[in-house]
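Let me begin by presenting the structure, written as C-alpha cells, before commenting on it.
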Amino acid sequence: MGAGPAALCIVAELVQQGLDVTAIASHTPDKPWPNTYGIWAEELELLGMADLLGHRWENTVSYFGNGITVEGREAVEHNFDYGLFDQEALQKALLKRCNDLDWNLDTVKEIQVLGDETEVICISGNRYKARLAIDASGHRSHFIKRPYHGPVAQQAAYGVVGRFSCPPVNKGQFVLMDFRPDHLNESERKQPPSFLYAMDFGEDIYFVEETSLACSPPMTFDQLKERLNARLSKRGVEINEIIHEEHCLFPMNLPLPYRNQPVLAFGGAASMVHPASGYMVGALLRRAPTLAKQLAIALAKEPSLDSESLAREGWNVLWSPELVQRHRLYQFGLRRLMSFDEKRLRAFFATFFCLPRKDWSGFLANTLPLHKLIVVMMKLFWISPWEIRMGMIFGMTTSTQE
Ligand SMILES: Cc1cc2nc3c(=O)[nH]c(=O)nc-3n(C[C@H](O)[C@H](O)[C@H](O)COP(=O)(O)OP(=O)(O)OC[C@H]3O[C@@H](n4cnc5c(N)ncnc54)[C@H](O)[C@@H]3O)c2cc1C
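In C-alpha cells, the structure reads:
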C-alpha cells in the first residue's frame, strides 16, 4: 500500500526477489512526490546510487551563533558532501526495479486478516487477497498498531524556493543548521528553538527553510514563517519571488509498532524516521533489500506460511533487537534535546560536530552498530561542557518545551 518512497523501495526489492506483488495506492507511482529529499552523499555512494542526486554541495556548513565557534571559526565546516535527490530520477530508478509493475489506483479502507490470508478492502469496493499486506502509506497510517506513548514530537518547517534581493546564503553553499539567534528578542528566545536549513540551487535560486527539529505541540507554520522573515530581514534579505513553498510536518518519535501484528509496515508507517534527525530515505534504501530477502526465504522454506507468521518474519528483521535498542537510545537523546533551551541546544550541536566525522555521520545515518553508537554517545558526553552533560543526564525541566 502506497506510492511514496517507502512503497517504491520495498515493492522494487520484493519484485527483484521474484515474489508476486500487487501494489495499491491513491495515486500513480510516477506522480511527483510533494517533498524534496536530502541525504549525505556518502550514504548514496555506499549504495552505488550517487548519480541519483540532482544537486550536490561540497561547501557544507552550520552556524551555532553567539560566539560559539569550532576551532576558532563561526561557520562550522562539515567537509562532507550533502545532496538533494533528483526526484524524477529516483522514482524512475525504483520503478525500473519494479519491472514496470502496474499499480491499482485505489484507497485502502480496511485490512482483515483471515488466518492464512489477508484481505485488503478499498474504497472502490475492490477486495484484494494476499499472503501478506505491507503498509507503506506513511506516518498517519491507521492500520498499524503501536502503544500509546503520550503526545508525539513533530518536526515542522516552512520553506521557500525563490529569488531574493541578495543571496540568503553564500554562493554554492549548503547550510545544514543556522542556529544564530540574533533576530530573536529575549522573550522569543524562551520559545522553542528553530534553525535555518538553506541551500544555493544555482541560477540565483535559493531554498531557505525555518525548521523546528522536534516539538510537542509542533511549532505552527505561521510561527516558522514569521521567524524566517525576521531572520532574513535581519540580514537585509528580501524575498523577490516565491517559486515554491514547502510545509513540512511529520512525527519524529512515533512509538515502534507492535511486532506481533499480522500486517507488516515499511517507511513512515513503521516508525522508520530517524528520531534524532528526521531523515529516512537512506534507511529505506538500505533496509528494503534485507526485508524483501527475508520474506522470500521464509516463503521458499514454507510456502503455506500464514499472514501472521510471515509478518512476524518481517518485523523481526525490520526491527531486530539491535535496531530496537538503537532506536531507544535515539529516542532518549531526542527527549533530552527537546528539554534544552536554545542556548543549550546551540552549544550541544556545536559539540556534536566536534566529534570525528565518521562518528557524527554514522550517528545521523543510523549506520553505527549498537556498541559503537554507545561509545560515540559516551564520547559526546565526555567532550561536552558541564551544563550540557547535566542536561544529558537529567534533562532541563525548566524549559518551555516540557
Ligand atoms: C516536507 C517533508 C520533507 C522531508 N524531507 C526529508 C529529507 O530531506 N530526507 C529524508 O530522508 N526524509 C525527509 N522527510 C521524512 C520522510 O522521508 C518522508 O516523510 C517520506 O515521504 C515518508 O515516506 P513514506 O513513503 O513512508 O510516506 P509518504 O511519502 O507519506 O507516502 C505515503 C503513500 O501512501 C499513499 N497512501 C496513503 N494512504 C493510503 C491508503 N489508505 N490507500 C492507498 N494509498 C495510500 C499516499 O498517497 C502516498 O503515496 C521529509 C518529510 C516531509 C513531510
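Residues 0 to 401, numbered by numbering that gives the first Met the number 0, are exactly what the sequence shown covers, in order.
Glycine is no exception: its CB is placed at the ideal position from the N, C-alpha and C atoms.
For clarity, every value in this text was computed on a predicted model and none was experimentally measured.
Distance from F206 to V160 at the Cβ level is roughly 5 Å; contact confirmed, criterion being Cβ atoms closer than 8 Å. Taken through DSSP and simplified to helix, strand or coil, Q111 comes out as strand. Beta-bridge pairing by DSSP links K128 to E118. Comparing alpha carbon positions, the residue from V60, Q324, R311 closest to A264 is R311.
Not one heavy atom of ligand 1 falls within 7 Å of the beta-carbon of I120. Cβ-Cβ distances below 8 Å link D221 to nothing in the same chain once the five nearest sequence neighbours on each side are left out. The beta-bridge partner set that DSSP reports for T210 consists of A156, F194.
By alpha-carbon distance to H54, the top candidate from F63, L89, M176, R234 is L89.
Distance from the C-beta of A22 to the nearest heavy atom of ligand 1 is not below 7 Å. A direct Cα-to-Cα measurement between W39 and G82 gives close to 6 Å. Distances from the CB of G124 to the heavy atoms of ligand 1 are all 7 Å or more.
Within the same chain, and ignoring the five residues on either side of G394 in sequence, the residues whose Cβ sits closer than 6 Å to its Cβ are R335, S338. In its chain, beyond the 5 residues on either side, A135, F265, G266, L283 have a beta carbon closer than 6 Å to the beta carbon of A5. The nearest non-hydrogen atom of ligand 1 is 7 Å or more from the C-beta of S232.
For Q16, the CB contacts under 8 Å within the same chain, skipping 5 residues up- and downstream, are A291, K292, L294, A295 in chain order. S276 has its alpha-carbon roughly 35 Å from the corresponding atom of Q111. Taken in chain order, the complete alpha helix (DSSP H) segments of 4 or more residues contained in the stretch 328 to 387 are 341 to 351, 356 to 364, 369 to 382. Of all alpha-carbon atoms in H26, R345, S140, F63, the one lying nearest the alpha-carbon of G390 is that of R345. Counted as a single uninterrupted DSSP element, the beta strand (DSSP E) harbouring V60 occupies residues 58 to 62. Between the alpha carbons of K357 and E116 lies a gap of roughly 45 Å. Beta-bridge pairing by DSSP links N103 to I23. Partner residues in a beta bridge of E42, as assigned by DSSP, do not exist. Distance check between E301 and each of D181, F200, R130, T350 places R130 closest, using alpha-carbon atoms only. Under the 8 Å Cβ criterion, the stretch 163 to 173 counts as touching the stretch 229 to 248, having at least three qualifying pairs. Taking a C-beta distance under 8 Å as the contact criterion, L104 and H182 do not qualify as a contact pair. In the structure shown, Q172 adopts extended strand secondary structure according to DSSP, grouped into three states.
With 16 or more other CB atoms across the displayed protein chains lying within 10 angstroms of its CB, A197 is buried. Note that the C-beta distance between Q153 and S215 is below 8 Å. A275 sits in coil when the DSSP states are folded into three classes, being neither helix nor strand. By the beta-carbon neighbour count (other beta carbons within 10 angstroms, threshold 16), H273 is buried.
Distances from the CA of A287 to each of D50, L317, Q260, I382 were compared; the closest alpha carbon is that of L317. Taking every protein chain shown into account, the CB of L253 has 16 or more other CB atoms within 10 angstroms, so this residue is buried. According to DSSP, residue pairing for F142 in a beta bridge does not occur.
Remark: the C-beta of V236 is outside contact range of ligand 1, defined as less than 7 Å to any heavy atom. The closest heavy atom of ligand 1 lies less than 7 Å from the beta carbon of L248. Relative to ligand 1, the nearest heavy atom lies less than 7 Å away from the CB of Y278.
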